[in-house]
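Chemist: Counting in our numbering, the sequence shown runs from 7 upward without gaps. Think of the CB as a built atom: it goes at the ideal place given N, C-alpha and C, for glycine as much as any other residue. First, the structure itself, so that you have it in front of you.
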Amino acid sequence: MWFKRTPSPPSPAFEIGAAPLERLRRWFEQEDISVAPATADQIADLERRCDVTLPNSFRTYLHTLAPAEENWDAEMGNWWPIERIRTVPQEIDWGEAAHAQYLVFADYSIWCWAWAIACTEDANRGRIIILGGGEKFVADSFDEFVDKYLTDNISVC
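Spelled out as structure tokens, the structure:
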């Protein structure tokens, strides 16, 4: 089972009210996750190689907080650098064609499961799905995913 550890004193990353990306920035800082904000060219390359258009909140995340390299946070989460992000079928053999426009961007505990964002042009655009052990939506947006990950990570499992 996956449990949130509450640092002592409480981390500013858990502070309710701050913008989700600011809280994530604080989390990355606390966890010594170095960032390398993606350039416009890197983002365009990701969209080209995966044949998607990124949801705005995810584009902003990559442009401001993309991890510089593979990492592990205190919750055993690995937030992927832009070079590793790929579509579900590119990442996993059992990935469904229906998820061809979903980008995997993070995993838990050496890929026990992973999270992907819908880059589709339908009602699911921007929603986050969990992969592995049953696929289901866990957040309606990237910002909501960040909030849940930092405050109630059981809800994204």
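For Gly139, which residues of its own chain have a beta-carbon under 7 Å away from its beta-carbon, when the five flanking residues on both sides are left out?
Modeler: For the purposes of this step, residue 139 is taken as residue 133 along the sequence shown, with counting starting at 1. Closer than 7 Å at the Cβ level, and outside the excluded window around Gly139, lie Trp119.
Chemist: What is the DSSP secondary structure of Val152, reduced to helix, strand or coil?
Modeler: If you number the sequence shown from 1, residue 152 lands on position 146. Of the three classes helix, strand and coil, the one that applies to Val152 here is helix, per DSSP.
Chemist: Is Trp117 buried or exposed, if buried means 16 or more other CB atoms sit within 10 Å of its CB?
Modeler: As a working note, residue 117 is residue 111 in the sequence shown. With fewer than 16 Cβ atoms within 10 Å of its Cβ, Trp117 is classed as exposed.
Chemist: Can you tell which of Asp128, Glu127, Cys56, Tyr155 has its C-alpha closest to the C-alpha of Ile136?
Modeler: The sequence position of residue 136 within the sequence shown is 130, counting from 1. When each option's Cα is compared against that of Ile136, the closest is Tyr155.
Chemist: Given Ala104, which residues of its chain have a CB within under 8 Å of its CB, disregarding the five upstream and five downstream residues?
Modeler: Within the sequence shown, numbered from 1, the residue matching residue 104 stands at position 98. No residues qualify anywhere along the chain.
Chemist: Just to confirm the assignment, what range does the beta strand (DSSP E) spanning Val110 have?
Modeler: Working through the sequence shown from its first residue, we reach residue 110 at position 104. Start and end: 108 to 114.
Chemist: Go to Ala104, then tell me how far its beta strand (DSSP E) extends in each direction, as first and last residue.
Modeler: Along the sequence shown, read from residue 1 onward, the residue named residue 104 stands at position 98. Neither: Ala104 is in no beta strand (DSSP E) and is coded neither H nor E.
Chemist: Shortest alpha-carbon distance to Ala74 belongs to which of Asp57, Glu97, Asp38?
Modeler: Counting from 1 along the sequence shown, the entry for residue 74 is found at position 68. Looking at the Cα atoms, Asp38 is the closest of the given residues.
Chemist: Determine whether the beta carbon atoms of Leu27 and Thr59 lie at a separation below 8 Å.
Modeler: Within the sequence shown, numbered from 1, the residue matching residue 27 stands at position 21. Within the sequence shown, numbered from 1, the residue matching residue 59 stands at position 53. Contact flag unset, no.
Chemist: With a CB to CB cut of under 6 Å and the five nearest residues on each side skipped, what residues in its chain are close to Thr126?
Modeler: As a first step, residue 126 is located in the sequence shown; it is residue number 120 there, counting from the start. Same-chain partners within the cutoff: Gln107.
Chemist: Could you tell me if Asn62 is buried or exposed, where buried requires 16 or more neighbouring beta carbons within 10 angstroms of its beta carbon?
Modeler: Reading the sequence shown from its first residue, position 56 is the one you call residue 62. Flag for Asn62 reads exposed.
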